[in-house]
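Residue numbers (the numbering used here), protein chains in the order written: chain Z, 1 to 361; chain F, 1 to 149.
No residue lacks a Cβ here, since even glycine has one placed at the ideal position from N, Cα and C.
See structure below.
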């Protein structure tokens with residue numbers, strides 16, 4: 001019998017755990033890809049992302065990896081840049097080689113049936129060879145308390161949860177009630193709470209995206225609630241992914257974004273009281289009372305630019321670790337968050353963008 | 001085409017050594033593009049703006065800007081003159097600069113008006129171009145801009 005010719009022969013699968021994607025900046029830092037940054041600075045925050053033929057099974061309206069966004073998973077951009085694929089062994093080898101320059105590592109899960117076991121496998125491989133602190137940005141539907149405990153026992157020190165949408169209603173609209181979605185607000189919060197219990201105070205962070213349709217009040221309320229629980233809030237700026245369902249949704253104005261960065265910093269670092277923040281009828285920040293001399297000083301100095309730096313997991317000694325350069329803006333646009341301390345001319349620009357004098361009471 | 005440490009370099013062209021442009025000179029017209037070394041170490045291009053045809057330029061003046069995934073910068077004219085042709089294909093698809101830097105990825109053609117005087121700032125000749133590229137590659141490697149194989 002003559003064997004039939006195979007039509008569309010299967011191609012080699014380059015799935016995790018044997019393969020992993022790296023952010024473009026990480027691939028450059030590990031010398032796996034040529035390239036440079038628009039401004040010269042030390043970069044050592046390496047982001048890894050799981051990879052599967054069938055991609056992420058979530059379908060979040062704003063995400064570059066969304067299931068129904070056109071294109072093959074491997075070709076999809078995430079936060080608007082390519083994430084090249086590499087053999088995990090090679091990545092671990094380079095992490096070990098460049099360990100001295102690295103500040104923070106992070107593995108991002110995606111919603112997939114194999115994500116937990118593959119994250120476990122990759123974490124184990126990294127922790128055996130590299131001492132740089134390792135965070136996990138987890139996919140709550142793939143986890144439970146026992147699994148989180150197991151990931152901690154491997155040596156990870158921080159957990160991130162991409163809540164992204166900061167109210168239950170918005171979460172439902174952007175992440176649950178979508179064509180192939182179904183993510184659950186309660187599931188996310190269960191995992192946040194288990195993580196807090198297992199990893200401890202200030203070792204869990206929640207990603208909050210500015211610009212998905214929330215109000216300033218929604219964000220501020222969450223910042224206070226998280227601070228109360230000793231959970232970190234990390235700010236991300238919505239950056240429309242072409243062809244995603246929110247591809248034509250406008251990005252929040254730079255004025256709003258800067259004010260939120262500043263107010264968050266004042267809440268977290270200077271104990272700004274909730275009653276000092278005034279909101280208009282639509283829930284936008286309309287006034288800021290300067291009640292203490294410390295806060296007054298920050299408004300004058302902008303704290304040297306600290307409020308406008310990237311929110312991310314720290315390095316071993318508390319220095320900025322994960323800095324995601326050009327993650328939520330193009331190099332030709334103003335830095336939404338700075339992967340380095342803003343320079344004095346940046347501060348002049350930031351002050352203009354924020355129009356702070358319009359809201360100071 | 002000559003292979004210099006994994007970069008395929010045309011050594012028959014003029015080169016501007018500051019920003020790494022190549023110039024293919026015919027009479028008083030130069031077609032200008034980006035060298036393979038500079039394009040690779042700048043990253044994947046995502047956007048390009050080029051000044052319109054007939055724009056007069058002095059050497060060193062901006063004739064546009066290029067944006068890669070993690071980098072943005074002005075394009076400085078390597079010679080004086082006026083732009084006579086802008087490559088429409090590269091405006092549509094800036095990645096052509098990455099995939100075919102000496103071919104479809106050329107940027108503009110300039111009608112030069114001071115070439116005899118300005119060519120002293122350019123480099124030509126196989127020996128000179130090879131030596132220059134070798135030193136540039138070493139410099140870029142030191143900066144960590146080139147992937148390790």
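Does the beta-carbon of residue i have 16 or more other beta-carbons within 10 angstroms, so that it is buried, or is it exposed?
i	result
residue 77 of chain F	buried
residue 1 of chain F	exposed
residue 70 of chain Z	exposed
residue 340 of chain Z	buried
residue 270 of chain Z	exposed
residue 109 of chain F	buried
residue 33 of chain Z	buried
residue 41 of chain Z	exposed
residue 54 of chain F	exposed
residue 300 of chain Z	exposed
residue 265 of chain Z	buried
residue 58 of chain F	exposed
residue 68 of chain Z	exposed
residue 267 of chain Z	buried
residue 71 of chain F	buried
Taking just the CA atoms, how far does residue j sit from residue i?
i	j	result
residue 110 of chain Z	residue 60 of chain Z	12 Å
residue 190 of chain Z	residue 337 of chain Z	29 Å
residue 262 of chain Z	residue 308 of chain Z	7 Å
residue 121 of chain Z	residue 135 of chain F	43 Å
residue 155 of chain Z	residue 50 of chain Z	19 Å
residue 325 of chain Z	residue 26 of chain F	42 Å
residue 13 of chain F	residue 131 of chain F	14 Å
residue 92 of chain F	residue 100 of chain F	14 Å
residue 311 of chain Z	residue 87 of chain F	41 Å
residue 197 of chain Z	residue 166 of chain Z	21 Å
residue 114 of chain F	residue 139 of chain F	31 Å
residue 19 of chain F	residue 39 of chain F	10 Å
residue 205 of chain Z	residue 36 of chain F	42 Å
residue 5 of chain F	residue 137 of chain F	8 Å
residue 177 of chain Z	residue 208 of chain Z	19 Å
residue 147 of chain F	residue 275 of chain Z	53 Å
residue 22 of chain F	residue 18 of chain Z	41 Å
residue 43 of chain F	residue 105 of chain F	14 Å
residue 319 of chain Z	residue 157 of chain Z	15 Å
residue 119 of chain Z	residue 143 of chain Z	11 Å
residue 169 of chain Z	residue 153 of chain Z	35 Å
residue 239 of chain Z	residue 348 of chain Z	24 Å
Name the residue from the options whose alpha carbon lies nearest to the alpha carbon of residue i.
i	options	result
residue 89 of chain Z	Z:194, Z:12, Z:20, Z:207	Z:20
residue 103 of chain F	F:4, F:25, F:34	F:34
residue 160 of chain Z	Z:135, Z:174, Z:182, Z:178	Z:135
residue 260 of chain Z	Z:240, Z:170, Z:220	Z:220
residue 98 of chain Z	Z:43, Z:314, Z:38	Z:43
residue 3 of chain F	F:139, F:49, F:149, F:133	F:133
residue 104 of chain Z	Z:124, Z:132, Z:200	Z:132
residue 73 of chain F	F:144, F:50, F:83, F:84	F:50
residue 66 of chain F	F:60, F:58, F:75, F:59	F:75
residue 117 of chain F	F:32, F:81, F:68, F:107	F:81
residue 224 of chain Z	Z:199, Z:239, Z:273	Z:273
residue 287 of chain Z	Z:355, Z:247, Z:222, Z:347	Z:355
residue 194 of chain F	F:125, F:141, F:69	Coverage of chain F is limited to positions 1 through 149, which leaves residue 194 of chain F absent and any answer about it impossible.
residue 368 of chain Z	Z:140, Z:331, Z:179	Limits of chain Z in this structure are 1 at one end and 361 at the other, which puts residue 368 of chain Z out of reach.
residue 83 of chain Z	Z:26, Z:57, Z:14, Z:63	Z:26
residue 359 of chain Z	Z:314, Z:255, Z:334, Z:306	Z:255
residue 96 of chain F	F:47, F:29, F:16, F:30	F:47
residue 39 of chain Z	Z:353, Z:352, Z:334, Z:316	Z:334
I'd like to confirm the pairing. Which residues does DSSP put opposite residue i in its beta bridges?
i	result
residue 14 of chain F	F:23
residue 87 of chain Z	Z:19
residue 164 of chain Z	Z:208
residue 354 of chain Z	In DSSP, residue 354 of chain Z forms no bridge with anything.
residue 47 of chain Z	Z:106
residue 3 of chain F	F:8
residue 42 of chain F	DSSP lists no partner for residue 42 of chain F.
residue 85 of chain F	F:109
residue 188 of chain Z	None, per the DSSP bridge assignment.
residue 56 of chain F	F:82
residue 129 of chain F	The partner list for residue 129 of chain F (beta bridge, DSSP) is empty, contrary to what the question assumes.
residue 122 of chain F	F:16
residue 236 of chain Z	Z:209
residue 31 of chain F	F:24, F:109
So if I threshold CB-CB distances at 8 Å, which residues from the region 320–343 of chain Z count as touching chain F?
Flagged, chain order: 325, 326, 330, 331, 332.
Could you please tell me which residues of the region 62–87 of chain F, in chain order, have their CB closer than 8 Å to any CB of chain Z?
Answer in chain order: 65, 67, 68, 69, 70, 71, 72, 73.
Quick one: which residues of the region 23–41 of chain F get their C-beta closer than 7 Å to a C-beta of chain Z? List them in chain order.
Residues passing the 7 Å Cβ filter: 40, 41.
Pull out every residue of the region 122–146 of chain F whose Cβ sits closer than 8 Å to any Cβ of chain Z, in chain order.
The region 122–146 of chain F vs chain Z, Cβ under 8 Å: 143, 144, 145, 146.
Against chain F, which members of the region 35–66 of chain Z pass a CB distance test of less than 8 Å?
Residues 35, 36, 37, 38.
In chain order, what residues of the region 102–136 of chain Z put their CB closer than 9 Å to some CB of chain F?
Going along the region 102–136 of chain Z in chain order, one finds no residue with a Cβ nearer than 9 Å to chain F.
Of the residues that make up the region 88–100 of chain F, which ones have a beta carbon closer than 8 Å to any beta carbon in chain Z?
Along the region 88–100 of chain F, there is no position whose C-beta sits under 8 Å from a C-beta of chain Z.
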